[in-house]
Structures are given as C-alpha cells and as structure tokens.
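Chains as they are written, first to last, in this note's numbering: chain A, 1 to 107; chain S, 108 to 214.
Before any comments, here is the structure.
Printed below as a string of structure tokens:
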C-alpha cells in the first residue's frame, strides 16, 4: 500500500513561518502546512490549480485582489491557474493545499 | 473568490453510513466524508487516482488486498487508478478523499 506517514516526512520552511510536509501522488501535490501566527506570504502565482483547505486556525486569503478570512473546516477555496494570491496567518494555522498538476518545484 | 462553504453543500448518503459533501474544482473532486461507526464499503475501483486523508477517527483501508488501520492526521494513502479498494469505519470517521480527474459520477 502506498502510504505516506506525515511525521516521517521532512518538514521544510519554504517561506518565513511557513512550514510544509509534501506528498506527491501521480498527478497531484499535497502540501500540509503549519504556519506561525502573523506569518504572511506575498502575492504570487503558478500555472497549477490550487485548492485550499484550512484545517485549523484563522487565515486571511487574498485571490485576485479579493480578501476573505477563512472559516476552518468549512471554507474551501479554489485558486485558478495563474491567479495571483497571497495570505496571512492571523493565528497558528494548519492548511492542506492540493495542487494539480504535481508541483515539481516542491519535490 | 471561488469559495465553497461546506455547511451549505448538501450532504448525501452515497452508501449506507457514508455521508459526503462534494466540491469539484476544474480538475479534481474533493469528497468530505462523515462515516458512521461500523459502516463498510465493499471493494470497488475507478480510473481516477484517489488520495485518502483520514482527518478524524479510526478507519481500516484495504487496497489491492493489503489492509491497514490508518492513523488520523498522519497516514496519507495514494490509491492508484483502477486499484480495487474497500474500507470500514471502526469509529465515527471524517475523511477527505481527493480524486483526479473530476468524479463526474459525483456531480
């Protein structure tokens, strides 16, 4: 069985305060983030479709200039390919981002 | 912003004890499951790649004849296209399954 145990996956700090464990399937990348309170990511974009799942905490996401404070366990956001987006953790957050296709830059 | 609020998405019982809310992005389907204790799904397969994220509870997953009791928040399982798989909720479970491509049969 093709199982990835997250606690055995190396956590990497990809931006200040943004720590991730990555799992790549055949077609998708799963980024399990732990984001420190107050940490922000400036606007960026990529050709991958991204789906944001806020698991815990309070996170303000901005997509194409529109901002929203996400409700954990409830709000699921689809970021279209190439859409500029940014975000800020208002508290300690756990987020699962799913990308299609695979983020080769995250391997 | 393309936000899906799960509590506004209709929950459907797709098999006895297996309740799901579905979110479809451009390329993927996200199934947010609530599975009652003791509920089981017989072996089945589909051409979609599937990635299983056990969020809460204890779930026994079988893929291609191999079984494993998943650790919530830790074990991420990639089910390859067309691999037969089945499962049983040993307690009340919450699972996020992600499929590529979109499950048109779940729309």
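Idealized CB from N, CA, C, for every residue including glycine.
Given the structure is predicted, the values throughout are model-derived calculations rather than measurements.
Taking Cβ positions only, does residue i come closer than 7 angstroms to chain A?
i	result
residue 141 (chain S)	no
residue 110 (chain S)	yes
residue 133 (chain S)	yes
residue 156 (chain S)	yes
residue 159 (chain S)	no
Please state whether DSSP places residue i in a helix, a strand or coil.
i	result
residue 197 (chain S)	coil
residue 41 (chain A)	strand
residue 113 (chain S)	helix
residue 118 (chain S)	coil
Can you confirm whether residue i, when its beta carbon is compared against all beta carbons of chain S, has any partner nearer than 7 angstroms?
i	result
residue 94 (chain A)	no
residue 97 (chain A)	no
residue 68 (chain A)	yes
residue 74 (chain A)	yes
residue 106 (chain A)	no
residue 6 (chain A)	yes
residue 102 (chain A)	no
residue 23 (chain A)	yes
residue 63 (chain A)	yes
Assuming the contact rule is C-beta atoms closer than 8 angstroms, residue i and residue j should be a hit. Round their C-beta distance to whole Å, please.
i	j	result
residue 140 (chain S)	residue 212 (chain S)	No, residue 140 (chain S) and residue 212 (chain S) are not in contact; Cβ-Cβ is about 16 angstroms, not under 8 angstroms.
residue 149 (chain S)	residue 163 (chain S)	So it is not a contact: roughly 23 angstroms between Cβ atoms.
residue 155 (chain S)	residue 111 (chain S)	Not really, about 19 angstroms apart at Cβ, beyond 8 angstroms.
Please classify residue i as buried or exposed, where buried requires at least 16 neighbouring CB atoms within 10 angstroms.
i	result
residue 52 (chain A)	buried
residue 136 (chain S)	buried
residue 69 (chain A)	exposed
residue 174 (chain S)	exposed
residue 192 (chain S)	buried
Any idea which residues DSSP pairs residue i with across the strands?
i	result
residue 56 (chain A)	A:94
residue 22 (chain A)	A:31
residue 70 (chain A)	A:59
residue 49 (chain A)	A:100
residue 105 (chain A)	According to DSSP, which records beta bridges pairwise, residue 105 (chain A) is partnered with nothing at all.
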